[in-house]
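Q: The structure follows.
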Amino acid sequence: YVLKNFAHAQSLYNAVHGGHEINPSALVLARANRGKGPRFYGDMIGVGVLKTAKQLQRKKYGDDDIPAELDAIVDVLQANFDDLSGFAEYKGEVDSGVLEWSPAHTSTRFWKEHHTKFESNQCEVLRALAQLLSSPSSSELTLAIACHDFGELVRHHPAGRQLLDLDAARGVKERLMGLMSHESPDVAKAALTAVQKVLVDRF
């Protein structure tokens, strides 16, 4: 399942961050799709709809239906937040191609609880994270965090370094080694640390 109606999430985001008017149909669509299950909720949380809807609740509107729709969206997403927000938000960040030092990256609990989800849906998150290491558009910060994340993933996943033998992670080991000589000290250090975790004999 792919969230094809991404426009309604973007409309909510723009309403806060771009100063645009809310498209009421976006709210109706979001509410109408509430029954589509955990993956839909995860996509909504991942693109920031819960956070944005909470911000929008503090505004005043001429249309009385808008506050009611916002309340409904917040209620259903909040109910699923604890189970979905951690990995859903991480996935959204990876999919955006821009990583920041959000709590997920540095939380031991996150890696212990979510390491197996990197193999879900044909390893889509693992594949996306691997692509960040080779993308020419990846910033130095994104590269450093991606290196760190691979180190943590290998450290906590039961398969350890064997995880990097999957097709979705093809070339990651070589890329990490190459980044050890990156001109950015932060990237080079993160790559070195990741390689050390990969090379640890856990078997």
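Count the sequence shown with the UniProt record's numbering and you get residues 1 to 203, in order.
In this text, a Cβ means the ideal position worked out from N, Cα and C, and glycines have one as well.
Since this is a predicted model, take the numbers as computed values, not measurements.
For Glu69 and Gly48, what's the separation of their Cα atoms in angstroms?
A: Annotation: Glu69 to Gly48 spans about 16 Å, alpha carbon to alpha carbon.
Q: Tell me the residue span of the alpha helix (DSSP H) that contains Phe142.
A: Inspection of the sequence shows that residue 142 is occupied by Thr rather than by Phe. Per DSSP, the unbroken alpha helix (DSSP H) holding Thr142 starts and ends at 140 to 156.
Q: Who are the near neighbours of Val154 in its chain, counting only those whose CB is closer than 8 Å to its CB and skipping five residues on each side?
A: Gly160, Arg161, Leu163, Leu164, Ala194, Lys197, Val198
Q: Could you check which residue in Lys91, Arg170, Gln55, Thr52 has the C-alpha nearest to that of Asn121?
A: Out of Lys91, Arg170, Gln55, Thr52, Lys91 has the C-alpha closest to the C-alpha of Asn121.
Q: Thinking C-beta only, is Val172 closer than 8 Å to Ala128?
A: no
Q: How big is the Cα-Cα spacing for Met180 and Leu99?
A: 19 Å
Q: Using a Cβ-Cβ cutoff of less than 7 Å, which residues in the same chain neighbour Ser25 once the five nearest sequence positions on both sides are dropped?
A: Bear in mind that the predicted position of Ser25 carries a pLDDT of just 48, short of 50, making it unreliable; the figure below should be weighed with that in mind. Here Ser25 has no same chain residue with a Cβ atom under 7 Å from its own Cβ, once five neighbours each way along the sequence are excluded.
Q: Over what stretch of residues does the alpha helix (DSSP H) that includes Leu199 continue unbroken?
A: 185 to 199
Q: Thinking C-alpha only, which one of His115, Thr142, Thr116, Leu50 is nearest Val76?
A: Leu50
Q: Hey, Ser102 and Glu140 are a contact pair by Cβ (cut 8 Å); roughly how many whole angstroms apart?
A: Rounded, the Cβ-Cβ distance is 17 Å, inconsistent with contact.
Q: Suppose contacts are defined by Cβ-Cβ distances below 8 Å. Is Arg175 in contact with Ser134 by that definition?
A: Yes, Cβ-Cβ distance for Arg175 and Ser134 is below 8 Å.
Q: Looking only at its chain, what residues have a beta carbon closer than 6 Å to the beta carbon of Leu143, apart from the 5 residues adjacent to it on each side?
A: Val187
Q: On the DSSP letters alone, give me the boundaries of the alpha helix (DSSP H) that Ala169 sits inside.
A: For Ala169, there is no enclosing alpha helix (DSSP H), since its DSSP letter is neither H nor E.
Q: Apart from the five residues just before and just after Asp149, which ones in its own chain have a Cβ nearer than 7 Å to its Cβ?
A: His105, Leu129
Q: In terms of alpha-carbon separation, which member of Leu126, His157, Arg58 lies closest to Asp167?
A: Leu126
Q: Below 8 Å CB to CB, which residues in the same chain sit around Ile145 once its five sequence neighbours on both sides are set aside?
A: Leu99, Glu100, Trp101, His105, Ala190
Q: With distances taken Cα to Cα, identify the nearest neighbour of Pro158 among Phe118, Gly178, Leu132.
A: Closest option to Pro158, Cα to Cα, is Phe118.
Q: Spatial neighbours of Phe203 within its chain, please: C-beta separation below 8 Å, excluding the five flanking residues on both sides.
A: In this prediction, Phe203 scores a pLDDT of 38, lower than 50, which makes its location untrustworthy; no coordinate-derived value is stated.
Q: Tell me the DSSP secondary structure of Ser137 in three-state form.
A: For Ser137, the three-state secondary structure derived from DSSP is coil.
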